[in-house]
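One line per chain: the protein sequences are A and B, in this order. Each residue of the first sequence is one higher than the one before, counting from -12 in our numbering. Each residue of the second sequence is one higher than the one before, counting from -12 in our numbering. Backbone N, C-alpha and C fix where the C-beta goes; we use that ideal spot for every residue, glycine too. Here the structure is a predicted model, which means the values were calculated and not measured.
There are 2 protein chains.
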Amino acid sequence: MNRKFKVGLIRVLTTEDEEVLQSHGKQIMEYFPELEVVTKCIPDQYEGIHSPELGEIAIPKIVETARSFTDVDMIIVSCADDPGVAEIRKVLPDIPVTGGGETTVALALKYGSRIGVLGITDYAPQAYMRMIPEQMILGRPEGVHSTLDLMTPEGKASVLKLGMKLKEQGAEVIALACTGLATIGIAKDLEKETGLPVIDPVMAEGMFAYFEYLRKK
Amino acid sequence: MNRKFKVGLIRVLTTEDEEVLQSHGKQIMEYFPELEVVTKCIPDQYEGIHSPELGEIAIPKIVETARSFTDVDMIIVSCADDPGVAEIRKVLPDIPVTGGGETTVALALKYGSRIGVLGITDYAPQAYMRMIPEQMILGRPEGVHSTLDLMTPEGKASVLKLGMKLKEQGAEVIALACTGLATIGIAKDLEKETGLPVIDPVMAEGMFAYFEYLRKK
């Protein structure tokens, strides 16, 4: 038996709660049983990244965390903004590195040329800006500013309402632009509500990790 | 136990050789053991599709073949030109349908913005024209006009030489533009030769079938 393909996953949210910490890795291992995911989070950033400034502060910490993995076949920065992905590639050129944003956008492009981008910030994550600057329809759910707001019935209703609005504006597919939306598993509800394919960033990260595994096999 | 996710796969090459017929389905089931692939080929087209005219002739036969599947969860047209994919979507709106072209292009976009397109025709398949018209660097290996030419040492050398040329022209990733190139398993050799990621259309089709399976689960 070959050993499993080992993925080092970086959470950009500091947490001591083991369940929160492991949630993305656990989802990916459920989707792709061939993968073994080891998770670490960056230090001293309990609010995660929800502004460009917080992204800047996080990047050196993300690179340091990437370097601290030993014996992994791949690294995922589990955030839709792909913070530090380019920087890690420079310091660890021999290992595949990806993030939640570029993987979500790539999968979304299979499903349509006009892409509804549904996140919790007023700016689009960098891969969305780079890969689909003119194909993007950007929205933020009313009243939702953090993943905590998504846990309430009002927050969830607001996300579904925005999904319908993006569809009315011409979106052929919805790309979630925050891994927090993956954590709460809203993709399925959004698909039901809108009838559009919805791309979940944590599933997207996992897809490309599995793709790297197949290509290396 | 749930039953497996059943994929109806259409070969656009008529063949009575069971091994040739099943080769794409077999590859996909090896990559993704959760999928069950049932293969059919279109009638009376022993040369497959290697010109726009042959594509036109094939489309009604492909749609008819798609309609003949019973009890499948998804349909794949296993050809980099995605012939009939749009037409099948119209007549079978309740089932996911995809092809080798759009899936290969979507995966390639994760790896770079300048995409080397390596096929065996002088024209690019339609998804490549639609999705990456300005990001494409097109090439055809010298002396190679059909998949048969690829089986010779000269043919293979010619493919590897073209891979290097596409890299020199700025390609950051190579998207194979013919499933015949997947059949002969050249992606791995091309990756070794060029150092670039190479996207194999049969693997790409399988990736998106697995993605549909995960989304439905």
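Chain A contact for residue i (CB, 8 Å cutoff)
i, result
"B:Lys148", "no"
"B:Lys97", "yes"
"B:Tyr115", "no"
"B:Met151", "no"
"B:Glu89", "yes"
"B:Tyr110", "no"
"B:Leu94", "yes"
"B:Phe(-8)", "no"
"B:Met123", "no"
"B:Met194", "yes"
"B:Met118", "yes"
Contact with chain B by residue i, beta-carbon distance below 8 Å
i, result
"A:Phe56", "no"
"A:Ala67", "no"
"A:Glu155", "no"
"A:Leu163", "no"
"A:Leu177", "no"
"A:Leu201", "yes"
"A:Met(-12)", "Below a pLDDT of 50, predicted positions are generally treated as unreliable, and A:Met(-12), at 45, falls in that range; the measurement from the model is reported next regardless. For A:Met(-12), the answer is no, since every Cβ of chain B falls outside 8 Å of its Cβ."
"A:Met61", "no"
"A:Met190", "yes"
"A:Tyr18", "yes"
Reduced DSSP category for residue i - H, G, I as helix; E, B as strand; rest coil
i, result
"B:Met138", "coil"
"A:Phe(-8)", "strand"
"A:Val(-1)", "coil"
"A:Glu159", "coil"
"B:Ile62", "strand"
"A:Glu6", "helix"
"B:Lys204", "coil"
"B:Leu183", "coil"
"B:Leu105", "strand"
"A:Val72", "helix"
"A:Leu153", "helix"
"A:Ile171", "coil"
"B:Thr166", "helix"
"B:Tyr197", "helix"
"B:Thr57", "coil"
Residue i versus the options, residue with shortest Cα-Cα distance
i, options, result
"A:Ser65", "A:Ser145, A:Leu177, A:Met190, A:Leu201", "A:Met190"
"A:Val(-6)", "A:Leu135, A:Ala73, A:Gly142, A:Ser55", "A:Ser55"
"A:Val(-1)", "A:Glu23, A:Ala53, A:Phe19, A:Glu17", "A:Ala53"
"A:Leu137", "A:Pro112, A:Ile119, A:Thr108, A:Leu153", "A:Thr108"
"A:Ile63", "A:His37, A:Glu192, A:Glu199", "A:Glu192"
"A:Leu147", "A:Ser133, A:Thr166, A:Gly126", "A:Gly126"
"B:Lys205", "B:Lys175, B:Glu6, B:Gly88", "With chain B running from -12 to 204 in the structure shown, residue 205 of chain B is simply not present."
"B:Ala181", "B:Lys97, B:Ala158, B:Tyr33, B:Pro120", "The residue you asked about is not Ala; residue 181 of chain B is Thr in the sequence shown. Looking at the Cα atoms, B:Ala158 is the closest of the given residues."
"A:His132", "A:Gly106, A:Leu41, A:Thr166", "A:Gly106"
"B:Glu129", "B:Lys203, B:Ser145, B:Phe(-8), B:Leu96", "B:Ser145"
"B:Lys204", "A:Ala111, A:Gly87, A:Tyr18, A:Val104", "A:Tyr18"
"A:Leu(-4)", "A:Glu3, A:Gly87, A:Pro47, A:Glu40", "A:Gly87"
"A:Glu40", "A:Glu3, A:Tyr110, A:Val24, A:Glu141", "A:Tyr110"
Buried or exposed (CB count within 10 angstroms, at least 16 for buried), residue i
i, result
"A:Leu183", "buried"
"A:Arg(-10)", "exposed"
"A:Leu135", "exposed"
"A:Lys154", "buried"
"A:Val78", "exposed"
"A:Ser38", "exposed"
"A:Gln156", "exposed"
"A:Tyr33", "exposed"
"B:Glu89", "buried"
"A:Lys179", "exposed"
"A:Gly150", "buried"
"A:Gly42", "buried"
"B:Gly172", "exposed"
Beta carbon of residue i nearer than 8 Å to that of residue j
i, j, result
"A:Ile124", "A:Ala162", "no"
"B:Val84", "B:Val72", "yes"
"B:Ala169", "B:Leu22", "no"
"A:Asp68", "A:Gln113", "yes"
"B:Met61", "B:Glu199", "yes"
"B:Val160", "B:Gly99", "yes"
"B:Tyr115", "B:Ala45", "no"
"A:Pro30", "A:Thr57", "no"
"A:His11", "A:Thr139", "no"
"B:Lys97", "A:Ala93", "yes"
"B:Pro70", "B:Ile36", "yes"
"B:Val291", "B:Ile82", "Only positions -12 to 204 of chain B appear in this structure, which leaves residue 291 of chain B out of reach."
"A:Thr26", "A:Gln9", "yes"
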